[in-house]
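Q: Attaching a single structure in structure tokens format; questions to follow.
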Amino acid sequence: MMGVFGDYAKYYNLLYRDKDYQKEVDYIENLIKKYSKNKVQTILDIGCGTGNHDVLFAKKGYKICGIDVSEEMINIAKSRINTLHNINFYIGKSESFRLGKKFDVVVSLFHVMSYQIKNESLYGSLKNAYEHLKADGLFIFDFWYGPAVLTDRPSIRLKELEDENLKIYRIAIPVMHPNENIVDVTFEVIIEDKINNNVNKLKETHRIRYLFLPELEFILKNIGFEILDILEWMSVDKKLSFNSWNGIIVVQK
Ligand SMILES: C[S@@+](CC[C@H](N)C(=O)[O-])C[C@H]1O[C@@H](n2cnc3c(N)ncnc32)[C@H](O)[C@@H]1O
């Protein structure tokens, strides 16, 4: 049986085609320019998925390495390298991969750290990011922010998408586990092949942990990071609030 981001991987880029990866990469680059003490040439992306951020970072001239636990996602990422020479993708688990080299910046984007639902995997992943950084290197990651998730709780959502070959309906059904700070989001996806009228279905449950600042601060400082900034995702000056579902944090080794 495939894990999460198994069958789902094939439809990932279509499902998230409205996500503005270019804008996100520009945003992260601005944070890097604002906070990095080092000249930044190398970036490691933990949970890189299909490589959407990585290809754009590589086009900006950075040397990029992407790691993801899902073989299916990495296969798609690898198929997109084409003529880019400054980019590499590897299969690996955030808490245990070892690349044997250190980077100027580590990023982990689109809730990857919130996928680390156990304390051990969250701690291990943050610690492993630290181990892969040069002195003074930055680690930048986003996460589901607890106070906002509990204020505006997840509800059932339907998404419909279409390209020239496929029509996709995705229903997202959340179940909350208040004592574990976890939301199980079950994605039921119906895929209609417009060419041969075949209908396929898939179902995956993604377990996502919403995080709170005191626990994050405790873990990050314990590992040795200094916290430089905590913001609402995609904002340059908004502090986190009950309305910030997605937070971003910049820490330095
Ligand atoms: C929502 S996707 C984000 C992918 C990519 N960063 C993006 O922005 O499109 C979450 C990714 O995290 C990966 N992931 C989750 N847990 C992981 C772990 N422990 N180690 C490595 N990758 C992980 C999944 O396989 C998936 O590709």
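Residues in the sequence shown are numbered consecutively from 340, following this note's numbering.
By construction, the Cβ of each residue, glycine as well, lies at the ideal position given by its N, Cα and C atoms.
From the DSSP output, in three-state form, read off LEU438 for me.
A: Coil, per DSSP.
Q: Going by DSSP, name the residue or residues bridged to ILE404.
A: Just to set this straight, residue 404 is Cys in the shown sequence, not Ile. The partner list for CYS404 (beta bridge, DSSP) reads LEU383 and ASN427.
Q: Given CYS387, which residues of its chain have a CB within under 7 Å of its CB, disregarding the five upstream and five downstream residues?
A: Hits under 7 Å: ASP393, GLY405, ILE406, ASP407, ALA416 and PHE428.
Q: Please classify ASP357: does DSSP put it in a helix, a strand, or coil?
A: It is coil, neither helix nor strand.
Q: Is any heavy atom in ligand 1 found nearer than 7 Å to the beta carbon of SER460?
A: Yes, ligand 1 has a heavy atom inside 7 Å of this Cβ.
Q: I'd like the list of long-range same chain contacts for GLU411, defined as Cβ closer than 6 Å, with 5 residues on each side in sequence excluded.
A: If we look at GLU411 and ignore the five residues flanking it on each side, its Cβ neighbours are GLY345 and ALA348.
Q: Check whether the Cβ atoms of ASN467 and GLU434 lie closer than 8 Å to each other.
A: In this structure, GLU434 lies closer than 8 Å to ASN467 by Cβ.
Q: Determine the direct distance from the alpha carbon of ASN539 to that of VAL528, and round the result to whole angstroms.
A: About 8 Å.
Q: Cβ-heavy atom distance between PHE344 and ligand 1 below 7 Å?
A: PHE344: yes, Cβ under 7 Å from ligand 1.
Q: Just to confirm, are LYS398 and PHE442 a CB contact at a threshold of 8 Å?
A: No, the pair does not count as a contact, with Cβ atoms beyond the cut-off.
Q: Exposed or buried, LYS440, counting other C-beta atoms within 10 Å across all chains shown (16 or more means buried)?
A: Flag for LYS440 reads exposed.
Q: I need the boundaries of the alpha helix (DSSP H) containing VAL488, first residue and last residue.
A: It spans 485 to 490 - the alpha helix (DSSP H) in which VAL488 sits, taken as one unbroken run.
Q: Check ILE558 in the structure and name its three-state DSSP category.
A: Correct three-state label for ILE558: helix.
Q: Could you tell me whether the region 531 to 545 touches the region 556 to 575, using the rule of 3 or more Cβ pairs below 8 Å?
A: No: fewer than three Cβ pairs fall under 8 Å.
Q: Can you tell me which of GLU501, LYS577 and GLU531 puts its alpha carbon nearest to the alpha carbon of ARG356?
A: ARG356 has its Cα closest to that of GLU501, out of GLU501, LYS577 and GLU531.
Q: For LEU353, I'd like the list of residues in its chain whose CB is within less than 8 Å of its CB, leaving aside the five on either flank, ordered along the chain.
A: Only LEU500, ASP502, LEU505 and ILE507 meet the Cβ criterion.
Q: Just to confirm the assignment, what range does the beta strand (DSSP E) spanning HIS516 have?
A: Its beta strand (DSSP E) spans residues 505 to 516.
Q: Using beta-carbon positions only, say whether GLY485 and PHE551 come within less than 8 Å of one another.
A: Yes, the pair counts as a contact, with Cβ atoms nearer than the cut-off.
Q: Nearest chain D C-beta to ASN425 closer than 8 Å, yes or no?
A: No chain D is present in this structure, which holds just one protein chain.
Q: Give me the Cβ distance between MET515 and PHE480, rounded to the nearest whole Å; I'm assuming they're in contact under 8 Å.
A: Not confirmed; about 23 Å, so no contact.
Q: Could you check whether TYR469 and LYS592 sit closer than 8 Å to each other, using their CB atoms as the reference points?
A: Going by C-beta atoms, LYS592 is nearer than 8 Å to TYR469.
Q: Once DSSP output is grouped into helix, strand and coil, what is the label at VAL575?
A: In the structure shown, VAL575 sits in coil (DSSP, three-state: anything other than H, G, I, E or B).
Q: Please indicate yes or no: does the CB of GLY586 lie closer than 7 Å to some heavy atom of ligand 1?
A: Every heavy atom of ligand 1 is 7 Å or more from the Cβ of GLY586, so no.
Q: Using C-beta distances below 6 Å, list every residue in its chain close to PHE581, excluding the 5 sequence neighbours before and after it, in chain order.
A: Hits under 6 Å: PRO486, ALA487 and THR490.
Q: Just to confirm, are TRP524 and ILE510 a CB contact at a threshold of 8 Å?
A: Reading the sequence as shown, one finds Val at residue 524 and not Trp. Not in contact: VAL524 and ILE510 (Cβ atoms no closer than 8 Å).
Q: For LEU370 versus VAL589, is the C-beta distance shorter than 8 Å?
A: Yes, the pair counts as a contact, with Cβ atoms nearer than the cut-off.
Q: Does the distance from the C-beta atom of ASP475 to that of ASN377 stay below 8 Å?
A: Result yes, Cβ atoms of ASP475 and ASN377 sit closer than 8 Å.
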